[in-house]
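K.L.:
Structure below; questions to follow.
Number of protein chains: 2
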Amino acid sequence: MPEKEPSQAREDKGTNSTGAVTTGKSLRADARRNRERILDVATKVFATEGLEVPIDEIANRAGIGIGTVYRHFPTKEELIEAVVFSFKQRLIEKAREMLEQDPGQAFFHFLSLIVREGTGNKALIAALARSGADIRRPLSGISLDFQNALGELLNCAQQAGSVRNDIQVTDITAILFGVMRTLEYNDDSGLAERILLVVRDGLRGHC
Amino acid sequence: MPEKEPSQAREDKGTNSTGAVTTGKSLRADARRNRERILDVATKVFATEGLEVPIDEIANRAGIGIGTVYRHFPTKEELIEAVVFSFKQRLIEKAREMLEQDPGQAFFHFLSLIVREGTGNKALIAALARSGADIRRPLSGISLDFQNALGELLNCAQQAGSVRNDIQVTDITAILFGVMRTLEYNDDSGLAERILLVVRDGLRGHC
DNA sequence: AAAAAAACGGAACCATTACTCCGTTTATTA
DNA sequence: TAATAAACGGAGTAATGGTTCCGTTTTTTT
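This is how it looks when you write it as structure tokens:
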């Protein structure tokens, strides 16, 4: 009698080039549902309350056991990464779209967009912090993609003379990081506007 | 027979208007020595390693028991306040001195000074963060003094036309906070220079 | 120098949080 | 629908870090 073997060689979860987990067909129905739900809740909670919210809290709000959360995302870090990933992905997409516009406009519009979206979204701020905090650490995956997208906008703007030349992408990331951090505790959009004004004029340079 | 009474009504520790603990004569010799030592060590450790360093660590490095630290500073918060206080005090003094200079110069020199001193000093960054993070919360004590000192420099600079007029002190505090935070993880002074350049030009305004 | 007061030291306590383990439940398969 | 595999849930574990308590030591007073 032939040995029992896994009835159908289920395809494994894999990771695509960008680092996102490709949700293959291999998950059981309830599992896929739960995974989705966790991600949903985590995204909202992280955005409104910050990354320090304990996993238990997220599990509770999702109406799901802690163990389940950990099966899907073996560490808190990985859950955060997953959430952060989609935020960055969306921004990258926006950046690409903007490349159509006038170079100077594009760059500054992108900055505005980030600031606007970031105001009041602690998860997004953290996402940017993760690629902007320590600019010496080489990036990879989605963070690198993001930096490249931003870099392209910057380059174009510089070539068009809309942004000073003595500035690099990493400087922008760093500045962005600072602005975000400031806005983390001040969701006043008036402040955001004024800071953006200063940054904008400063980036144009030589008065 | 008369009841025993405290031989000498020792003067109590009090707090002066700025919030600093006035070290009266009431402390025993070893106590005063220890208090000083704790403050010294804490200042250095907080500066180089940040405020997250546990109290135990500070006690150990000072060669003093944990209990002793807590007798002098009933909560970690109070120890931090004490450290932060002296940093701010020094900055305020500098600000006053600078008022002598040309208004525009004074203001920008002060910004440079803070950035220079802040680069690599996590305690100082935290000190500024504490008065700049949430600009809606009304300040008091030393933080208010600091804001006022900064405000005075700003006012003069604005009246002299060296700084744009659509900006308030709290905006400066916020910007400063952001810059500091950025530099917290990047002690590269080149980056500091470039960011300062952008901020400076941005604050001058209307190109 | 003895008594009283002040200060010391650090083990123990408590709260928080990330993460594990395993008995139970649910989905899938045959 | 019974057997099997997959996934679930949450009590329990471990590490961390702030704070308290109290027996011991040091300083000050008489």
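Those sequence lines, one after another, are chains A and B. Just so it is clear: in the first sequence, position 8 is 8 by this note's numbering, and no numbers are missing. In this note's numbering, each residue's number is its place in the second sequence (first place is 1) plus 1000. Where a beta carbon is used, it is the ideal one built from N, C-alpha and C, also for glycine.
Can you list, in chain order, the residues of the stretch 1152-1170 of chain B whose Cβ is nearer than 9 Å to any Cβ on chain A?
P.N.:
Against chain A - using a Cβ distance shorter than 9 Å - the residues of the stretch 1152-1170 of chain B are Arg1164, Asp1166, Ile1167, Gln1168 and Thr1170.
K.L.:
For Ala174/A, which residues in chain B fall below 8 Å Cβ to Cβ?
P.N.:
The count along the first sequence starts at 1 and reaches residue 174/A at position 174. In chain order: Thr1182, Asn1186, Leu1191 and Ile1195.
K.L.:
Expressed to the nearest angstrom, what Euclidean distance is found between the alpha-carbon atoms of Gly1063/B and Arg1035/B?
P.N.:
Position 63 of the second sequence, counted from the start, is the residue given in the question as residue 1063/B. Position 35 of the second sequence, counted from the start, is the residue given in the question as residue 1035/B. Taking the straight line from one Cα to the other gives about 12 Å.
K.L.:
If contact is defined by three or more beta carbon pairs under 8 Å, each pair taking one atom from either stretch, is the stretch 57-73 of chain A in contact with the stretch 28-46 of chain A?
P.N.:
As far as the Cβ criterion goes, the stretch 28-46 of chain A touches the stretch 57-73 of chain A, which means the pair count is three or higher.
K.L.:
If we call anything under 7 Å between Cβ atoms a contact, is Gly1202/B one with Val199/A?
P.N.:
In the second sequence, residue 1202/B corresponds to position 202, counting from 1. In the first sequence, residue 199/A corresponds to position 199, counting from 1. Yes. Within cutoff.
K.L.:
Cα-Cα, which of Arg194/A, Val45/A and Leu154/A is closest to Asn60/A?
P.N.:
On the first sequence, position 60 is the one that residue 60/A refers to. Comparing Cα positions, the closest option is Val45/A.
K.L.:
Rank Ala31/A, Leu183/A, Gly65/A and Ala160/A by C-alpha distance to the C-alpha of Ala126/A and give the top, closest one.
P.N.:
Against the first sequence, residue 126/A aligns to sequence position 126. Per the Cα distances, Leu183/A.
K.L.:
Does DSSP put Asn155/A in a helix, in a strand, or in coil?
P.N.:
Taking the first residue of the first sequence as position 1, residue 155/A is located at position 155. Reduced to three states, the DSSP call for Asn155/A is helix.
K.L.:
Are the beta-carbon atoms belonging to Phe85/A and Leu128/A less than 7 Å from one another?
P.N.:
For the purposes of this step, residue 85/A is taken as the residue at position 85 of the first sequence. For the purposes of this step, residue 128/A is taken as the residue at position 128 of the first sequence. No, these two residues do not count as a Cβ contact at 7 Å.
K.L.:
Shorter than 7 Å from the beta carbon of Leu1128/B to some beta carbon of chain A?
P.N.:
To locate residue 1128/B, count along the second sequence from 1; it is residue 128. Chain A contact via Cβ: absent.
K.L.:
Answer with buried or exposed for Gln159/A, where buried requires no fewer than 16 other C-beta atoms within 10 angstroms of its C-beta.
P.N.:
Within the first sequence, numbered from 1, the residue matching residue 159/A stands at position 159. It counts as exposed.
K.L.:
Report buried or exposed for Arg1043/B, applying the criterion of at least 16 other Cβ atoms within 10 angstroms of its Cβ.
P.N.:
For the purposes of this step, residue 1043/B is identified with residue 43 of the second sequence, where counting begins at 1. The sequence shown places Thr at residue 1043/B, not Arg. Classification of Thr1043/B: buried, given that the 10 Å Cβ count is 16 or more.
K.L.:
Would Phe1177/B pass as an interface residue toward chain A - the criterion being a Cβ-Cβ separation below 7 Å?
P.N.:
Residue numbering aside, residue 1177/B sits at position 177 when the second sequence is read from its first letter. At least one chain A Cβ lies under 7 Å of Phe1177/B.
K.L.:
What do you reckon, are the CB atoms on Pro145/A and Ile92/A nearer than 7 Å?
P.N.:
Here residue 145/A is taken as the residue at index 145 of the first sequence, counted from 1. Here residue 92/A is taken as the residue at index 92 of the first sequence, counted from 1. The sequence given here places Asp at residue 145/A; Pro does not occur at that position. Yes, the Cβ-Cβ distance between Asp145/A and Ile92/A is below 7 Å.
K.L.:
What do you reckon, are the CB atoms on Gln147/A and Val163/A nearer than 7 Å?
P.N.:
Here the question's residue 147/A lines up with position 147 in the first sequence. Here the question's residue 163/A lines up with position 163 in the first sequence. It is not a contact, given that the beta carbons lie outside the stated cut-off.
K.L.:
By the DSSP assignment, the alpha helix (DSSP H) with Glu1077/B in it spans what residues?
P.N.:
Here residue 1077/B refers to the residue found at position 77 of the second sequence. Taken as a continuous stretch (DSSP letters only), the alpha helix (DSSP H) holding Glu1077/B covers Lys1076 to Met1098.
K.L.:
Quick check: is the beta carbon of Val199/A nearer than 7 Å to any beta carbon in chain B?
P.N.:
Taking the first sequence and counting its residues from 1, one reaches residue 199/A at position 199. Yes, because at least one Cβ of chain B sits closer than 7 Å to the Cβ of Val199/A.
K.L.:
Using only the alpha-carbon positions, how far apart do Ala192/A and Lys122/A sit?
P.N.:
To locate residue 192/A, count along the first sequence from 1; it is residue 192. To locate residue 122/A, count along the first sequence from 1; it is residue 122. The alpha-carbon atoms of Ala192/A and Lys122/A are separated by roughly 15 Å.
K.L.:
Measure the Cβ-Cβ separation of Arg1181/B and Arg136/A and say whether it is below 7 Å.
P.N.:
Within the second sequence, numbered from 1, the residue matching residue 1181/B stands at position 181. Within the first sequence, numbered from 1, the residue matching residue 136/A stands at position 136. No.
K.L.:
For Gly1202/B, which residues in chain A fall below 8 Å Cβ to Cβ?
P.N.:
Position 202 of the second sequence, counted from the first residue, corresponds to residue 1202/B. Ordered by position in chain A, the residues that pass the 8 Å Cβ test against Gly1202/B are Leu197, Val198, Val199, Arg200, Asp201, Gly202 and Leu203.
K.L.:
Give the interface partners of Arg1116/B over in chain A, defined as CB-CB distance under 9 Å, in chain order.
P.N.:
Position 116 of the second sequence, counted from the first residue, corresponds to residue 1116/B. Near Arg1116/B there are no residues of chain A at all, since even the closest Cβ is about 16 Å away, more than 9 Å.
K.L.:
Using the Cα positions of Asp1171/B and Phe1108/B, report the straight-line distance between them to the nearest angstrom.
P.N.:
For the purposes of this step, residue 1171/B is taken as the residue at position 171 of the second sequence. For the purposes of this step, residue 1108/B is taken as the residue at position 108 of the second sequence. Their Cα atoms are separated by approximately 15 Å.
K.L.:
What is the rounded straight-line gap between the Cα of Glu1011/B and the Cα of Ser1026/B?
P.N.:
As a first step, residue 1011/B must be located in the second sequence, where it is residue number 11. As a first step, residue 1026/B must be located in the second sequence, where it is residue number 26. Summary for Glu1011/B: the model assigns pLDDT 41, below 50, so the residue's position carries little reliability, and this model does not support an answer.
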